[in-house]
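Protein chains in written order, with this note's numbering: chain A, 1 to 131; chain B, 132 to 262. Using N, Cα and C, we set each Cβ at its ideal position, and we do this for glycine too. In this text, all values refer to a predicted model and were calculated from it rather than measured experimentally. Here the structure is laid out as structure tokens; the discussion comes afterwards.
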DNA sequence: ATTTATACACACCAAAAGGAGAGTGACTGT
DNA sequence: ACAGTCACTCTCCTTTTGGTGTGTATAAAT
């Protein structure tokens with residue numbers, strides 16, 4: 001046990017856990033995963049093509065792939081209705097919703113600070129040569 | 132038309148802002164950016180090669196590239212000492228630290244829920260074909 | 001009989017990401 | 001004289017990513 005130093009940031013983290021967490025974040029941080037998370041959070045239950053339309057710009061391939069991955073990781077549940085033409089519904093699980101909530105702070109940060117970033121970029125361009 | 136679900140999620144967001152925020156998140160969500168953010172947060176001020184060692188597994192190319200991008204966006208400050216051999220120090224700016232803080236909730240989420248993900252994966256593998 | 005709709009799978013291909021390794025410039029220690 | 005240091009840059013080369021386009025099953029609608 002270490003002396004508690006006010007904030008809890010252990011400097012001796014289990015490397016296995018760390019690796020795992022990193023892997024998870026790596027996927028979760030993915031562009032499409034984030035977007036799907038967002039649309040599913042907003043609209044609740046959706047069908048395959050509905051998600052595609054709402055997301056905008058995603059190819060069928062990426063949609064399938066991302067949904068599969070999210071299903072595998074327990075973020076969405078997939079319900080197949082044995083009808084013709086096929087009907088499949090996707091919803092966020094509790095785990096998925098909790099993830100979405102965790103990401104919320106990042107979204108808020110981005111919304112609050114994007115002006116600072118824009119300013120920094122401009123300053124950077126001026127400092128260093130542009131064009 | 133959605134039923135208001137308690138939380139405030141505006142469904143009519145400025146699309147320009149949204150695009151911007153998405154771009155930002157896209158970069159920020161990058162693997163290396165997150166790792167560098169972490170090591171810099173933990174160790175304060177560091178030199179180029181120190182960051183490389185602490186990060187582990189990053190190539191010089193990616194290290195340079197990521198640091199440049201972070202500098203451009205105002206997350207890190209880069210101080211060059213005109214000595215030989217060269218000495219360059221990197222530190223998180225306030226903006227960088229605030230980003231790191233925002234990401235903290237995601238890390239915590241991952242740490243808290245990684246077991247659920249592992250379980251979901253196992254269940255998925257059993258449901259669907261494995262190997 | 002042909003078209004339409006749905007949720008994919010599969011194959012092909014172009015582009016981008018990213019790793020490995022060598023090179024650089026200038027000084028310092030041996 | 002010569003190797004070593006540091007923070008890169010540059011060039012190759014492999015891997016990954018992701019878009020497009022096509023195929024499929026089946027029943028209802030035209």
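Proximal chain B residues relative to residue i, where beta-carbon distance stays under 8 Å
i                     : result
residue 71 of chain A : 255
Rounded straight-line distance, which links the Cα of residue j to that of residue i
i                      : j                      : result
residue 127 of chain A : residue 150 of chain B : 26 Å
residue 125 of chain A : residue 246 of chain B : 44 Å
residue 61 of chain A  : residue 47 of chain A  : 15 Å
residue 138 of chain B : residue 102 of chain A : Low per-residue confidence applies at residue 138 of chain B: pLDDT is 42, beneath 50, and the placement is therefore not dependable enough to give any value.
residue 168 of chain B : residue 253 of chain B : 31 Å
residue 79 of chain A  : residue 85 of chain A  : 14 Å
residue 63 of chain A  : residue 32 of chain A  : 8 Å
residue 35 of chain A  : residue 65 of chain A  : 13 Å
residue 243 of chain B : residue 28 of chain A  : 15 Å
residue 218 of chain B : residue 224 of chain B : 19 Å
residue 228 of chain B : residue 152 of chain B : 18 Å
residue 83 of chain A  : residue 45 of chain A  : 18 Å
residue 81 of chain A  : residue 89 of chain A  : 8 Å
residue 188 of chain B : residue 70 of chain A  : 27 Å
residue 30 of chain A  : residue 250 of chain B : 21 Å
residue 173 of chain B : residue 226 of chain B : 15 Å
residue 146 of chain B : residue 107 of chain A : 14 Å
Residues that residue i contacts on chain A, provided the C-beta gap is smaller than 9 Å
i                      : result
residue 165 of chain B : 22, 25, 26 and 29
Whole-Å CB distance - residue i paired with residue j, under 8 Å assumed
i                      : j                      : result
residue 240 of chain B : residue 67 of chain A  : 21 Å between Cβ atoms; not a contact.
residue 25 of chain A  : residue 155 of chain B : With a Cβ gap of about 17 Å, residue 25 of chain A and residue 155 of chain B do not count as contacting.
residue 91 of chain A  : residue 40 of chain A  : 7 Å
residue 105 of chain A : residue 236 of chain B : 5 Å
Where residue i sits in the DSSP three-state scheme
i                      : result
residue 214 of chain B : coil
residue 224 of chain B : coil
residue 134 of chain B : The predicted position of residue 134 of chain B is uncertain, since its pLDDT is 42 and thus under 50; a value taken from the coordinates is nonetheless stated next. Note: residue 134 of chain B maps to coil in three-state DSSP.
residue 190 of chain B : coil
residue 11 of chain A  : Here residue 11 of chain A scores only 46 on pLDDT, less than 50, and its place in the model is too uncertain to base an answer on.
residue 248 of chain B : helix
Cross-chain neighbours of residue i in chain A, by beta carbon under 7 Å
i                      : result
residue 234 of chain B : 106
residue 198 of chain B : Going along chain A, no residue has its Cβ under 7 Å from residue 198 of chain B, so there is no contact; the nearest lies around 12 Å.
residue 205 of chain B : 116, 117 and 120
Listed by chain order, chain A residues near residue i by CB distance under 8 Å
i                      : result
residue 226 of chain B : 113, 116, 117 and 120
residue 208 of chain B : Those do not exist, as residue 208 of chain B stays about 10 Å from chain A at its closest Cβ, beyond 8 Å.
residue 229 of chain B : 109 and 113
heavy atom of the ligand FAD below 7 Å from residue i C-beta
i                      : result
residue 218 of chain B : As presented, the structure is devoid of all ligands, the ligand FAD included, so that no description of it is given.
_the segment 180 to 189 of chain B / the segment 199 to 209 of chain B touching (three or more Cβ pairs under 8 Å)_ = no
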